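For reference, the structure discussed in these notes is given below.
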Amino acid sequence: LQMMIRVFLHQQNPQAASDAPRWYLHEDSILCLEKGFQPSVIQGLLDRGHQIKHDNPEHIFGGAQLICRLEDGYVAGSDHRKEGLASGF
């Protein structure tokens, strides 16, 4: 869902959407953030009362391979968190 929002609402290409930091809500309502969020975003979340946990291993945040169809072809991205690559022919 996070990558779809980045591609369709924020118009990011698949690689940028895949590379962006991710988050998930832990069962104890702690917001777990991957490395890479801007300090202002983290501070804004803390100011709103969120409990935050950092430095989780990247593999917890999943992995993706994305393909978007363009008018004149395709564009793809491959997540650095897992093995894979974007390739075309």
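Residue numbers (the numbering used here): 273 to 361. For each residue, glycine too, the CB sits at the ideal point set by N, CA and C. Since the structure is predicted, the reported quantities are computational estimates derived from the model, not experimental observations.
Counting along the chain, A289 sits inside the alpha helix (DSSP H) bounded by residues 286 to 291. As the crow flies, the alpha-carbon of A288 is around 15 Å from that of K354. The beta carbon of Q323 lies closer than 8 Å to those of S301, I302, L303 in the same chain, with the five residues before and after it left out. For G345, the uninterrupted beta strand (DSSP E) segment begins and ends at 345 to 350.
Close CB contacts of H352 within its chain, under the 7 Å cut and outside five residues either way in sequence, are with D291 (chain order). Annotated three-state conformation of Q323 is strand, per DSSP.
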